[in-house]
Amino acid sequence: MQLLRPDSLDSATAELGNGSVALAGGTDLVPLLRDRLVEAETLVELRGVVPRGVHDGGSRIGAGTTLAELEADREIPQALREACSLAASPQLRSMGTIGGNLLQATRCWYWRLKFPCFLHGGDRCHARQGAHREHAIFGNEQCASAHPSDPAAALLALGTAVRTDRRELPIADLYRLPTEDDRDVTTLEPGELILELDVPQPEASTYLKAMDRARFTFALVGVAAARTSDGVRLALAGAAPIPWLLGSPGDLDRATPLPGTAFKVDLARPLIRRALEALGD
Ligand SMILES: Cc1cc2nc3c(=O)[nH]c(=O)nc-3n(C[C@H](O)[C@H](O)[C@H](O)COP(=O)(O)OP(=O)(O)OC[C@H]3O[C@@H](n4cnc5c(N)ncnc54)[C@H](O)[C@@H]3O)c2cc1C
Ligand code: SF4
């Protein structure tokens, strides 16, 4: 395997495709390469190519900014700061970038153990009949995995726009539920790079996370809430194969939990109530 360190965006994008893969902090990608869940002959390092840092009073964030940098930046909205500070461990946050975090792979153990499940192109979801306590309560008809990113839910509630080397799109459109024809959970094209995030400043925002331990564990349910002049937006982590926008707290009544994930609906209700109280609503 070779590692390329391009010094410009143009040379990085020219190298991507043809079996090469973008490498940011490597905290998700390297284990996937080790376990042969991702095959690549060439890694293209993004450091020095993708923007890093927070600009314009906290509303423009480079995709190469680390979670540790974001959690410490008082200019960015509170929901994003809290989501970053509750993610992973200090060591992982100092390596892991926000771009990589949005594109991290599912933690579903069947997928990670290479079961030939729906998301791997097979014809069934092994988690539905198997162990699925950490899995989804929404959007789980074909694949019941739970999206692991805390910051993605915060960015969704905040109404973030994503700028890539090819287009600009609402963060909601970065994600898609896997279908028979296409098992991907993002809409990125091969070799497309996330460059920046445009994060509108809310009037108030917060992120609350229920976990098995108080630190260093993925969300059982994460609730992001943001109030803007248009109203309150709510989004969930750990609840669907993609970050999940809730139209209102009452949408929880339309959840489709599996037998082992019904408790997540009960976890989400008080979290949502506390999040709304924190916004003063
Ligand atoms: C033990 C453990 C616990 C964790 N706990 C949590 C948690 O509680 N909450 C949470 O939210 N996250 C958690 N994470 C995930 C962690 O935050 C991510 O692994 C990290 O943020 C990924 O960033 P990275 O820069 O290392 O990405 P990489 O591993 O380098 O890349 C990840 C993926 O993104 C692609 N990529 C990276 N940057 C770009 C870009 N700019 N454009 C296009 N593609 C890109 C890569 O090609 C790769 O496919 C955990 C991870 C581990 C290992
Ligand atoms: S939840 Fe998704 S990733 Fe896990 S076994 Fe089912 S189809 Fe595969």
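Going by our numbering, the letters in the sequence shown line up with residues 191 to 471, in that order. All C-beta atoms, glycine included, are put in the ideal place defined by N, C-alpha and C. The structure displayed is predicted, hence computed values, not measured ones.
- With respect to the 8 Å criterion, Ala427 and Ala342 are classified as neighbours on the basis of their beta carbons.
- Within the same chain, Leu385 and Glu386 come within 6 Å of Arg353 by CB-CB distance, once the 5 residues on both sides are set aside.
- A distance of 8 Å or more separates the beta carbons of Gly254 and Ala202.
- Here Asp218 carries a coil assignment [DSSP, helix/strand/coil].
- Closest in C-alpha terms to His337, from the list His316, Ala212 and Arg366, comes Arg366.
- A check of alpha carbon separations from Thr287 across Ala317, Arg237, Ala334 and Glu272 identifies Arg237 as the nearest.
- Closest in C-alpha terms to Ala400, from the list Glu393, Val389, Asp388 and Val413, comes Val413.
- Distance from the Cα of Ala230 is smallest, within the candidate group Leu348, Asp246, Glu205 and Gly248, for Glu205.
- Just measuring C-alpha positions, the residue of Glu467, Arg423 and Phe406 sitting nearest Ala278 is Phe406.
- In the DSSP assignment, Asp388 falls within the unbroken beta strand (DSSP E) covering Ile384 to Asp388.
- One Cα belongs to Leu270, the other to Ser249, and the distance between them is close to 11 Å.
- Of the other Cβ atoms in all chains shown, fewer than 16 fall within 10 Å of the Cβ of Lys304; this residue is therefore exposed.
- If the five residues before and after Ala468 are omitted, its C-beta is found closer than 7 Å to the C-beta atoms of Thr396, all from its own chain and listed in chain order.
- Take Ile432, set aside five residues on each side of it, and the residues of its chain with a beta-carbon closer than 6 Å to its own are His337, Tyr365 and Val375, in chain order.
- When only Cα atoms are considered, His245 and Ile251 end up about 6 Å apart.
- Ala409 sits away from Ile327, with the two beta carbons spaced by 8 Å or more.
- In terms of Cα proximity to Arg459, the closest of Gly450, Gly470 and Ala425 is Ala425.
- Proximity of the beta carbon of Thr255 to ligand 1 is not indicated: no heavy atom of the ligand is located closer than 7 Å.
- If only uninterrupted alpha helix (DSSP H) runs of at least 4 residues are considered, those enclosed by the stretch 230-265 are 257-261.
- In the DSSP annotation of this structure, the continuous segment of the alpha helix (DSSP H) that includes Lys454 starts and ends at Ala452 to Ala468.
- Here the stretch 446-458 lies against the stretch 312-323, with 3 or more beta-carbon pairs under 8 Å apart.
- Counting only the Cα atoms, Gly381 lies some 12 Å from Asp200.
- By the C-beta density criterion, Asp340 is buried, having at least 16 other C-beta atoms within 10 angstroms.
- For Leu346, the secondary structure class from DSSP, reduced to helix, strand or coil, is helix.
- Secondary structure at Arg373: coil, using DSSP grouped into helix, strand and coil.
- Using a Cβ distance threshold of 8 Å, Leu398 and Ala465 count as a contacting pair.
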